[in-house]
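Asks: Encoded as C-alpha cells, here's the structure I'll be asking about.
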Amino acid sequence: MTFLTVARLGRYTAAADVLGVNHSTVSRRIAALESAMSGRVLVRTTGGWEVTALGRRAVGIAERIEGSLRDLVEGGGQDAVHGMVRVSAPDGFTATFLAPAMTTLRRTHPHLAVELLSATQRVRQNRSGVDLEIVVGRPQVLRAYATAVCSYALRLYATPGYLAAYGAPGAVSDLAGHPLIYYVESSLQVDELDRALQELPDSPPSLRSTSVFAHVEATAAGAGIGLLPDFLGDADPRLVRVLDGAYEHPLAYWAVARDEGPRNPAVAATLEAITAYIASSAASAIAPSAAAAPRADA
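Each residue of the sequence shown is one higher than the one before, starting from 1 at the first, in the UniProt record's numbering.
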C-alpha cells in the first residue's frame, strides 16, 4: 500500500503525509519491496516518481489487494461503481465539463470517490498516478486505451473597450501590434498548444500565465487580445471574438486510460459520464453558432 500511494502521488513526501509516516519509512518500505521483487519498481523523473515495467505489475496486484480489503470492510452486494477514480485534465476542461459530470456521476454512485488533478501536459507513458487522463491532441502512447472526447478551437477574444481604445485588427498580421495573452511559452508542454502560438506573429510584451483562467480574466480586464478555448471565450459576456473567420486553431480532447481501465467499472462509468455531459452541452458550449460570442469586425 505504501508503494501504491507513492505510485499515485509521485512523491515520497506526499505519500508519507497521507500514510501518517515519515519520509524515511516510505523509502525503507519501497526499498524492501524492490529487494523482494529483485528490481526497481520506481524511477525518478523531473515530474516525480514513475513506475517501471516491474512496478506496473506491482501496481496491478496492489490495486487488487486494495479492492479486496475495501470489500472486506464495506461488505458485499454493493454498487460495482465504487472505490476511487483519479482523473487528470487541463483546468478549463476540469471546470467546464469534468467537475459537473463527476457531480452527476456521484449522485448515481455515492460510494465512488473522485479526485480531479489539474494538469495541462503531455500524456504520461507510465500512468500510475491516475486512472484516466484528458489531454489535448491525439496521444501517442503504448499499452493504453485512447478515445476522442470532444473537439474545440482556440480563437481570439478581446473586450469591446479594448478594441475601441486600441483598434480591432483587420488581419492576422495586425496582431503584431497587440499584446497577446496566452501560456508562458517556456512552460508549454503540449505541442498542439505551442503550434497555435507559432501560427501568429510575435507579440509585444504581454501578460502570460500557466493558467487558462488567468488568460480569461486578463483578457476581460483589457490587458490585450486573448487566445482562448472557444467554450470559455464564447461563454463570457465580457468578450467578443476577434478576426472571427480569419483565425482559429482546431483542437480535440482525448481520454487515455491504462489497458485495463475500460474494464474497471468505475473508470468506464467515469468516461461514460464525461461523454454524456459533453454531448448534452455540446450545442452551446463546444460548437457555437447562434450562441457564439459577438463578432468584432474590422
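Glycine included, each C-beta is placed from N, C-alpha and C at the ideal position.
Predicted model, so just to flag it, every value in this text is computed and none were measured.
(1) Are TYR230 and TYR152 close, meaning C-beta to C-beta below 7 Å?
(2) Per DSSP, what kind of secondary structure is ALA168 in: helix, strand or coil?
(3) To the nearest angstrom, how far is the alpha carbon of ALA52 from that of PRO110?
(4) Tell me which residue opens and which closes the alpha helix (DSSP H) that GLY233 is part of.
(5) Taking its Cβ as the centre, do 16 or more other Cβ atoms sit within 10 Å of ILE274, making it buried, or is it exposed?
(6) Considering only their Cβ atoms, is the gap separating GLU50 from SER88 smaller than 7 Å?
(7) GLN189 to ARG195, Cα distance in whole Å?
(8) Could you pull the start and end residues of the alpha helix (DSSP H) that ALA99 belongs to?
(9) Please name the residue in ARG155, SER35, GLU115 and HIS215 whose C-alpha comes closest to that of VAL172.
(10) Sort PHE3, SER280, TRP254 and ALA15 by Cα distance to GLY137 and report the nearest one.
(11) Could you tell me whether the Cβ atoms of LEU9 and ALA16 are closer together than 7 Å?
(12) Return helix, strand or coil for residue 299, following the three-state DSSP convention.
(13) If you count every other CB in all the chains shown that lies within 10 Å of the CB of ASN264, and 16 or more means buried, which is it?
(14) Would you mind reading off the limits of the alpha helix (DSSP H) that contains SER27?
(15) Kindly give me the distance between the Cβ atoms of GLY222 and THR270, rounded to whole angstroms, as I take these residues to be in contact under 8 Å.
(16) Please report the residue range of the alpha helix (DSSP H) in which VAL141 lies.
(17) Note down the Cα distance separating PRO169 from TYR162, rounded to an integer number of angstroms.
(18) Can you tell me the Cβ-Cβ gap for LEU42 and GLY60, rounded? I've got them flagged as a contact below 8 Å.
(19) For PRO250, write down the residues that DSSP places opposite it in a beta bridge.
(20) Using CA atoms only, rank isn't needed, just tell me which of ALA148, LEU239 and GLY226 is closest to SER278.
(21) From the DSSP output, which residues share a beta bridge with ARG86?
(22) Who are the near neighbours of ALA176 in its chain, counting only those whose CB is closer than 8 Å to its CB and skipping five residues on each side?
Replies: Let's see:
(1) Sequence index remark: in the sequence shown, residue 230 carries index 230 (1-based). Sequence index remark: in the sequence shown, residue 152 carries index 152 (1-based). Looking at the sequence itself, residue 230 is Asp, so the reference to Tyr does not match. Yes; because the gap between Cβ atoms is below 7 Å, this pair is in contact.
(2) Counting from one through the sequence shown, the residue named residue 168 turns up at place 168. ALA168 falls in the coil class under three-state DSSP.
(3) As a working mapping, residue 52 is identified with position 52 in the sequence shown. As a working mapping, residue 110 is identified with position 110 in the sequence shown. Checking the displayed sequence, the identity of residue 52 turns out to be Thr instead of Ala. When rounded, the distance between both Cα atoms is 34 Å.
(4) Against the sequence shown, residue 233 aligns to sequence position 233. Run containing GLY233: 230 to 233, per the alpha helix (DSSP H) assignment.
(5) Indexing the sequence shown from 1 puts residue 274 at position 274. So ILE274 ends up on the buried side.
(6) Within the sequence shown, numbered from 1, the residue matching residue 88 stands at position 88. Within the sequence shown, numbered from 1, the residue matching residue 50 stands at position 50. Against a cut-off of 7 Å, the Cβ pair of GLU50 and SER88 comes out as no contact.
(7) Locating residue 189 in the sequence shown gives position 189, where the first residue counts as 1. Locating residue 195 in the sequence shown gives position 195, where the first residue counts as 1. Approximately 11 Å between the Cα atoms of the pair.
(8) The residue you call residue 99 lines up with position 99 of the sequence shown. Note, ALA99: alpha helix (DSSP H), 99 to 108.
(9) The residue you call residue 172 lines up with position 172 of the sequence shown. When only C-alpha atoms are compared, the closest one is ARG155.
(10) As a first step, residue 137 must be located in the sequence shown, where it is residue number 137. With distances taken between Cα atoms, GLY137 lies closest to TRP254.
(11) Numbered from 1 along the sequence shown, position 9 holds the residue referred to as residue 9. Numbered from 1 along the sequence shown, position 16 holds the residue referred to as residue 16. Not a contact, by the Cβ cut-off of 7 Å.
(12) In the structure as shown, the chain begins at 1 and stops at 298. Residue 299 is therefore absent and cannot be evaluated.
(13) Residue numbering aside, residue 264 sits at position 264 when the sequence shown is read from its first letter. Buried is the call here.
(14) Residue 27 sits at position 27 when you count from the first residue of the sequence shown. Run containing SER27: 23 to 37, per the alpha helix (DSSP H) assignment.
(15) Translated into positions along the sequence shown, residue 222 becomes position 222. Translated into positions along the sequence shown, residue 270 becomes position 270. The Cβ separation is near 39 Å, so there is no contact.
(16) Counting from one through the sequence shown, the residue named residue 141 turns up at place 141. Per DSSP, VAL141 belongs to no alpha helix (DSSP H) and is neither H nor E.
(17) Taking the first residue of the sequence shown as 1, we reach residue 169 at position 169. Taking the first residue of the sequence shown as 1, we reach residue 162 at position 162. So the alpha carbons of these two residues sit roughly 11 Å apart.
(18) Here the question's residue 42 lines up with position 42 in the sequence shown. Here the question's residue 60 lines up with position 60 in the sequence shown. In fact, because the Cβ distance is near 15 Å, the residues do not count as touching under 8 Å.
(19) The residue given as residue 250 occupies position 250 in the sequence shown. DSSP lists ALA153 as partners of PRO250.
(20) As a position in the sequence shown, residue 278 is number 278, starting the count at 1. In the sequence as presented, Ser is not what sits at residue 278; that position holds Ile. Of the candidates ALA148, LEU239 and GLY226, the one whose C-alpha sits nearest the C-alpha of ILE278 is ALA148.
(21) Locating residue 86 in the sequence shown gives position 86, where the first residue counts as 1. GLU115.
(22) Taking the sequence shown and counting its residues from 1, one reaches residue 176 at position 176. Around ALA176: PRO201, ASP202, SER203 and PRO204.
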